[in-house]
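Input: a single structure, listed below in structure tokens.
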Amino acid sequence: MGVSPEDALDHIQLIMLVNDVSLRGLIPGELAKGFGFFQSKPSSAFSPVAVTPDELGDAWRGGKLHLPLVSHLNDSLFGKPDAGVDMTFHFGQLVAHAAKTRPLGAGCIIGSGTISNKLDDAPGKPVDQGGVGYSCIAEIRTIETINDGKPATSFMKFGDRIRIEMNDAKGSSIFGTIDQVVEKYEGP
Numbered sequence: 006m007g008v009s010p011e012d013a014l015d016h017i018q019l020i021m022l023v024n025d026v027s028l029r030g031l032i033p034g035e036l037a038k039g040f041g042f043f044q045s046k047p048s049s050a051f052s053p054v055a056v057t058p059d060e061l062g063d064a065w066r067g068g069k070l071h072l073p074l075v076s077h078l079n080d081s082l083f084g085k086p087d088a089g090v091d092m093t094f095h096f097g098q099l100v101a102h103a104a105k106t107r108p109l110g111a112g113c114i115i116g117s118g119t120i121s122n123k124l125d126d127a128p129g130k131p132v133d134q135g136g137v138g139y140s141c142i143a144e145i146r147t148i149e150t151i152n153d154g155k156p157a158t159s160f161m162k163f164g165d166r167i168r169i170e171m172n173d174a175k176g177s178s179i180f181g182t183i184d185q186v187v188e189k190y191e192g193p
């Protein structure tokens, strides 16, 4: 508790990927009840492998991981933004902020938030339009709404698949792949 951002970097033991899912259709009603996000934030998926910062070599610098996060939506490249570029707060700052009023125990997970890159000091663009794409469907929908008055990209639906991974400079997977298909829950 009360650790400085610089000293917090020394406490980071493992790094992994996470797919933080939001059920956008449930969010407005849930927030209206005043409970915050609970049902609209189901279980997150984590990469099958976590690595120590030193295993990332030069890609881990300044408390940021400087490699592209590659996402494929239904086998089409959706995004490859660099996780370190345009990251507002490094992980030491995030840990220090979370530990300002409480001690963080071993195994505590701190997320960086959505990975996104600007293009020419403006919002990013899809890969097929010369950008690095996105790692969040809500982000592309917001940009589409600003640019065109309405979103063109749909949220994921039953049967859709998302694959998320990060590769080293040689193209080898670092964390393994998060591979999820949206399935309808049929109940017990």
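According to my numbering, the sequence shown is numbered sequentially starting from 6. In this text, a Cβ means the ideal position worked out from N, Cα and C, and glycines have one as well.
When Ser121, Gly112, Val75 and Asp165 are compared against Val90, the one with the closest alpha-carbon: Comparing Cα-Cα distances from Val90 to each of Ser121, Gly112, Val75 and Asp165, the minimum goes to Ser121.
is_contact[Ser27, chain D] using C-beta, thresh 8 Å: Reference to chain D is not applicable here, since this structure consists of a single protein chain.
DSSP state of Gln18 mapped onto helix, strand, coil: In the three-state scheme derived from DSSP, where H, G and I count as helix and E and B as strand, Gln18 is classed as coil.
In DSSP terms, what Gly192 is bridged to: Gly192 pairs with nothing; no bridge assigned.
Complete runs of the beta strand (DSSP E) confined to the stretch 64-148 [at least 3 residues]: Runs of beta strand (DSSP E) with 3 or more residues, each lying fully within the stretch 64-148, are found at 74-78 and 81-84, listed in chain order.
Residue(s) in a DSSP beta bridge with Glu170: BP columns for Glu170 point to Val75.
Inter-residue Cα distance where the pair is Lys123 and Gly129: Roughly 5 Å between the two C-alpha positions.
Rounded Cβ spacing between Pro228 and Ser140 (contact assumed at less than 8 Å): Residue 228 is absent from the model: the chain starts at 6 and stops at 193.
Local conformation of Ala157 per DSSP, three classes: Ala157: coil per DSSP, three-state reduction.
Ala50, DSSP secondary structure in three states: Ala50: strand per DSSP, three-state reduction.
Residue interval of the beta strand (DSSP E) (run including Asp184): Unbroken beta strand (DSSP E) run through Asp184: Ile183 to Val186.
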